[in-house]
Amino acid sequence: MKNDKHPHISSYNQHITVLLVLLILTFITVAVSGLHFSTFSVGVALIIASVKGATVLTYFMHLKYESLFLKLIVAGVFLVYALVIVLTFTDYLLR
Amino acid sequence: MSSTEKYTHESYLEHKGKYKGLLGWLTSTDHKKIGLMYMYAITVFFLVAALLGLMMRIEKIAPGPTIMDAQTYNGVFTIHGVIMIFIVVIPGLAAVFGNLFLPILIGAKDVAFPKLNLFSWYLFMTGAILGLFSQFVGGDPPDTGWTFYVPYSAESSTNVIWALSAAFILGFASILTGLNFIVTIHRMRAPGMTWFKMPLFPWSLYATAWIQVLATPIVGITLLMVIAERVLNIGFFDPALGGDPVLFQHLFWIYSHPAVYIMILPAMGVVTEIFPTFSQKPVFGYGAIAISSIAIAVVGYFVWGHHMFTSGISYWSRWFFSFLTFIVAVPSAIKVFNWLSTMYGGKISLKPPLLYAISLIFLFLIGGFTGLTLGALATNIHTHDTAFVVAHFHYIIFGGMGFAFFAGIHYWFPKMYGRMYSFRWANIAWGFLFLGFNVLYFPLFIIGLQGMPRRYFDYLPQYQTGHVISTIGAFILIIGIFMMISNLIYARKKGALAGPNPWKGVTLEWKIPSPPPLENFDEIPVITHQPYFFGDTNDED
Amino acid sequence: MSTHPTHNEHHDPEGSKIGMWLFIFTELFLFGGLFLVYAVFRNKYSAEFHHAAEELNAFIGTMNTVVLLVSSMTVAMSVTAIQKGNSKKAIGLLILTVLAALIFMVNKYFEWSHKFEFNLYPGSDVVKGLDHGEILFYGLYYMMTGLHALHVLIGLVLLIIVIVRLKSGRITKDHYSLHENSGLYWHLVDLIWIFLFPLLYLIT
Numbered sequence: 006m007k008n009d010k011h012p013h014i015s016s017y018n019q020h021i022t023v024l025l026v027l028l029i030l031t032f033i034t035v036a037v038s039g040l041h042f043s044t045f046s047v048g049v050a051l052i053i054a055s056v057k058g059a060t061v062l063t064y065f066m067h068l069k070y071e072s073l074f075l076k077l078i079v080a081g082v083f084l085v086y087a088l089v090i091v092l093t094f095t096d097y098l099l100r
Numbered sequence: 189m190s191s192t193e194k195y196t197h198e199s200y201l202e203h204k205g206k207y208k209g210l211l212g213w214l215t216s217t218d219h220k221k222i223g224l225m226y227m228y229a230i231t232v233f234f235l236v237a238a239l240l241g242l243m244m245r246i247e248k249i250a251p252g253p254t255i256m257d258a259q260t261y262n263g264v265f266t267i268h269g270v271i272m273i274f275i276v277v278i279p280g281l282a283a284v285f286g287n288l289f290l291p292i293l294i295g296a297k298d299v300a301f302p303k304l305n306l307f308s309w310y311l312f313m314t315g316a317i318l319g320l321f322s323q324f325v326g327g328d329p330p331d332t333g334w335t336f337y338v339p340y341s342a343e344s345s346t347n348v349i350w351a352l353s354a355a356f357i358l359g360f361a362s363i364l365t366g367l368n369f370i371v372t373i374h375r376m377r378a379p380g381m382t383w384f385k386m387p388l389f390p391w392s393l394y395a396t397a398w399i400q401v402l403a404t405p406i407v408g409i410t411l412l413m414v415i416a417e418r419v420l421n422i423g424f425f426d427p428a429l430g431g432d433p434v435l436f437q438h439l440f441w442i443y444s445h446p447a448v449y450i451m452i453l454p455a456m457g458v459v460t461e462i463f464p465t466f467s468q469k470p471v472f473g474y475g476a477i478a479i480s481s482i483a484i485a486v487v488g489y490f491v492w493g494h495h496m497f498t499s500g501i502s503y504w505s506r507w508f509f510s511f512l513t514f515i516v517a518v519p520s521a522i523k524v525f526n527w528l529s530t531m532y533g534g535k536i537s538l539k540p541p542l543l544y545a546i547s548l549i550f551l552f553l554i555g556g557f558t559g560l561t562l563g564a565l566a567t568n569i570h571t572h573d574t575a576f577v578v579a580h581f582h583y584i585i586f587g588g589m590g591f592a593f594f595a596g597i598h599y600w601f602p603k604m605y606g607r608m609y610s611f612r613w614a615n616i617a618w619g620f621l622f623l624g625f626n627v628l629y630f631p632l633f634i635i636g637l638q639g640m641p642r643r644y645f646d647y648l649p650q651y652q653t654g655h656v657i658s659t660i661g662a663f664i665l666i667i668g669i670f671m672m673i674s675n676l677i678y679a680r681k682k683g684a685l686a687g688p689n690p691w692k693g694v695t696l697e698w699k700i701p702s703p704p705p706l707e708n709f710d711e712i713p714v715i716t717h718q719p720y721f722f723g724d725t726n727d728e729d
Numbered sequence: 113m114s115t116h117p118t119h120n121e122h123h124d125p126e127g128s129k130i131g132m133w134l135f136i137f138t139e140l141f142l143f144g145g146l147f148l149v150y151a152v153f154r155n156k157y158s159a160e161f162h163h164a165a166e167e168l169n170a171f172i173g174t175m176n177t178v179v180l181l182v183s184s185m186t187v188a189m190s191v192t193a194i195q196k197g198n199s200k201k202a203i204g205l206l207i208l209t210v211l212a213a214l215i216f217m218v219n220k221y222f223e224w225s226h227k228f229e230f231n232l233y234p235g236s237d238v239v240k241g242l243d244h245g246e247i248l249f250y251g252l253y254y255m256m257t258g259l260h261a262l263h264v265l266i267g268l269v270l271l272i273i274v275i276v277r278l279k280s281g282r283i284t285k286d287h288y289s290l291h292e293n294s295g296l297y298w299h300l301v302d303l304i305w306i307f308l309f310p311l312l313y314l315i316t
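Residue numbers (the numbering used here), protein chains in the order written: chain A, 6 to 100; chain B, 189 to 729; chain C, 113 to 316.
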């Protein structure tokens, strides 16, 4: 029907680069967990995990080369989930 | 009016696949046959649960035990709720009319994944049968109510695990149907059918499908957690181990409130097809109706907390959930205004489908306004967990979704089977249904306001008048249901041939023979104008 | 009209891909429910979560993270290989992925059985004797990693099916939808682990 054009083929080198980035981030998150940021540590860990997750979504899961629609629904789904968390915590944090 | 007349083409009903007879049905991936299989199964379950409801009403005709004891009553209202919610209403319109008519309305030969579609039906039946098992396998029937609230559901010695597993599997079936419909709508619309040339029933199914995909997994994991609580004693929801029962309520309603929109959105979609056809006039405010479906889905996802106003959630979250609850009433009201405006100035022919659809507006309005009463923080404290709530959600679910189903079946029956039913009996049955419904549920508003709690099998003498009237209504309603079903079954066998377009409808299903042939269209249609374009209707005979 | 139903033969790789993504969303929300429970309890019992998490073996956790990341790359590479028409290479890369999955499961087995030796399983007397936060941490730990391990197994089965079909030539350069979608599923398994790992093993 639409956007049946040729699929984008990611190169092997790109995959290797992405893996290296992910491994470095893993190393950082393990190293940082040794330091004690107290309440910030969960934030730091989550930020690094989110960067890793975004990398997997963008390159391994090929989102960068997909239709705008797919990008939007993936973003939308994470937004919905974030709102669920926020709304639940309006209860737990403000009791 | 000859009963021996036959239509001349080979329709999906006669088509033989690899197997004949029942096996042919059970292995068919034809979306129309799957839709009918859902309908037959759902009808059987609906009748069972309706009779259980009647038994509950009889029990309450006088204070004290009349026909059952308290524990039996707990079991009966639980299974009534589980069947009605998870087996009848949630799949109801989407799985039956969605399967039957979504592909036809968008000019496709089938859904995107026909085998997955059949698989969903089998999952649905597995879940439904597991639900029945919960009544009969050793031990007592579950007695937690359909909401499975912890800590009781983690402790009750009855067959709660069976009911939980049933709901889990039914949820999965619902997810797969939703997934199928989203891809179908995205990928299989006929050439020329842009999003805003798509009929409004598919729009409502699209919004519904997204909730099915994004909300159902949450209840899936929640039910798994309750199962884990029972089997492994983990303690997520057990205060004695540090857990939090209110957290269960959050998780449960994150799904189960959007589930209400899984029920009502397709219902709104069905009647939106009916009003233009019987007014012979384009639908008023097409874009507003389409967008309001999406708006209801989006906002409806975030109002779950209004079930928990008395559970001790924080002040600000009560404020916020109440606010969102009022917001979600806006797109619902937009639809009602549009239906009325569609009829205004039209050539109205009050055939049975329109009769049912109009009564839906009436009942849905009562349900909706009482919903606002419940959504307001102050009045909620007074009415929470009373018969008022029971009346409210029956007005929405039965009066909205149930009457939409009746409207839909009367609208599309001639297309599904190629035969027409008796209008006279359909109208008489409507009279019983409408009268019985209001006599049954309206008194519950009043005794609810007076303080009659829900789910109690006994009550104080001052509530008896209300209960007696309500029970009388239940009998009238049941008579109406059987009258309607008999009329349709008779028409299925002996009704006169309906022809391809008995209502002079203009959407795609009326441009193909009745019943439709196996793959709906000999040639995929090319869409050139709006779905409700009544300008030139005589391209049919 | 043909004598047998032909409507099953509708091929639409883009449609299948959207379908797979929708399924991935449901999986994300399935785990999302658990993450929500985790967030609520971690907020309530942060000290106890910290204490209990120290019992977990961060080394095995890190190793499994690396294993899954590598497997995610090999599966992505195998898709590249089949897109370029090299099914031998695609099969080789998928076998590496399957090996990685097996290593992950073996690690998991040792990790769990080590805990079982100390009676650290949900509902055991040892666990019930712990503080509330620790009980909940272990409950979440088993539920989350258990559900994740189940997904690893499902992914494993999918990958093996893809290998078989590559061998029999049913997945080709022009027809690799199943391959691509199984790959997406495998990345999902990785994606969830990326969040599980710091939240369970690296609490400070």
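Backbone N, C-alpha and C define an ideal beta-carbon position, used for all residues, glycine too. Note that the coordinates shown come from a computational prediction; the quantities given were computed from them, not determined experimentally.
- At a Cβ-Cβ threshold of 7 angstroms, Ala455 of chain B and Met672 of chain B do not count as neighbours.
- Taking C-beta separations shorter than 6 angstroms and ignoring five residues to either side along the sequence, the partners of Ile172 of chain C in its chain run Asn219 and Glu223, following chain order.
- Assignment of His580 of chain B by DSSP, reduced to helix, strand and coil, places it in the helix class.
- In this model, Gly245 of chain C and Leu393 of chain B are separated by some 43 angstroms (Cα to Cα).
- At a cut-off of 7 angstroms, the C-beta of Leu99 of chain A has a neighbouring C-beta in chain B.
- Inter-segment contact for the region 130-144 of chain C and the region 398-412 of chain B is present: three or more beta-carbon pairs are separated by less than 8 angstroms.
- With the criterion set as a beta carbon lying under 7 angstroms from some beta carbon of chain A, the members of the region 286-305 of chain C are Leu296, His299, Asp302 and Leu303, in sequence order.
- Contact between Ile415 of chain B and Leu352 of chain B holds: CB atoms are separated by about 5 angstroms, below the 8 angstroms threshold.
- Assignment of beta-bridge partners to Thr574 of chain B by DSSP yields B:Pro641.
- Neighbours of Ile90 of chain A in chain C, taken as residues at a C-beta separation under 7 angstroms, are given in chain order as Leu148 and Ala151.
- Closer than 7 angstroms to the CB of Ser184 of chain C there is at least one CB belonging to chain A.
- Note that the C-beta distance between Lys220 of chain B and Tyr195 of chain B is not below 7 angstroms.
- Three or more Cβ pairs closer than 8 angstroms define a contact, and the region 304-317 of chain B falls short of that threshold against the region 327-341 of chain B.
- Using a Cβ-Cβ distance cut-off of 8 angstroms, the region 333-347 of chain B and the region 423-438 of chain B are in contact, since at least three pairs of beta carbons, one from each stretch, lie closer than that value.
- Residue pairing for Leu685 of chain B: DSSP places it in a beta bridge opposite B:Arg607.
- Interface criterion met: the Cβ of Ser502 of chain B is under 7 angstroms from a Cβ in chain A.
- Spatial neighbours of Ile278 of chain B in its own chain (CB-CB distance under 7 angstroms, excluding positions within 5 residues in sequence) are listed in chain order as Ser362, Ala447, Ile450 and Met451.
- In the DSSP assignment, Met175 of chain C falls within the alpha helix (DSSP H) that extends over Ala170 to Gln195.
- In the three-state reduction of the DSSP assignment, Thr653 of chain B falls in the helix class, which pools H, G and I.
- Using a 10 angstroms sphere on the CB of His495 of chain B, the tally of other CB atoms reaches 16 or more, which defines it as buried.
- For Val82 of chain A, the chain B residues whose Cβ falls inside 8 angstroms of its Cβ are Leu402, in order along the chain.
- Under the Cβ criterion of 7 angstroms, Ile130 of chain C is counted among the residues facing chain B.
- His494 of chain B is outside the set of residues whose beta carbon lies under 7 angstroms from a beta carbon in chain A.
- Judged by DSSP in its simplified three-state form, Thr346 of chain B adopts coil rather than helix or strand.
- Bounds of the alpha helix (DSSP H) holding Asn305 of chain B are Pro302 to Phe324.
- For chain C, the residues of the region 50-64 of chain A that bring a beta carbon within less than 8 angstroms of one of its beta carbons are Ala50, Leu51, Ile53, Ala54, Lys57, Gly58, Val61, Leu62 and Tyr64, in chain order.
- Cβ-Cβ separation between Tyr651 of chain B and Ile635 of chain B: approximately 5 angstroms, consistent with a contact (criterion under 8 angstroms).
- The beta-carbon distance between Ile230 of chain B and Val276 of chain B, rounded to whole angstroms, is 5 angstroms. This is short enough to meet the 8 angstroms contact definition.
- With a minimum length of 3 residues, there is no unbroken run of beta strand (DSSP E) contained wholly in the region 364-390 of chain B.
- For Thr513 of chain B, the uninterrupted alpha helix (DSSP H) segment begins and ends at Tyr503 to Met531.
- Distance check between Leu288 of chain B and each of B:Asn708, B:Pro713, B:Leu411 and B:Val714 places B:Asn708 closest, using alpha-carbon atoms only.
- When C-beta atoms of the region 266-283 of chain C are compared with those of the region 13-20 of chain A, fewer than three pairs fall below 8 angstroms, so the two segments do not count as touching.
- The secondary-structure analysis by DSSP pairs His13 of chain A with nothing; it has no beta-bridge partner.
- For the pair of segments examined, the region 232-252 of chain B was found not to touch the region 292-311 of chain B: the number of CB pairs separated by less than 8 angstroms stays below three.
- Between the beta-carbon of Ala50 of chain A and that of Thr34 of chain A there is about 6 angstroms, and that keeps the pair under the 8 angstroms contact cut.
- Considering only beta carbons, the part of the region 10-22 of chain A lying closer than 8 angstroms to chain C consists of Pro12, Ile14, Ser15, Ser16, Tyr17, His20 and Ile21, in chain order.
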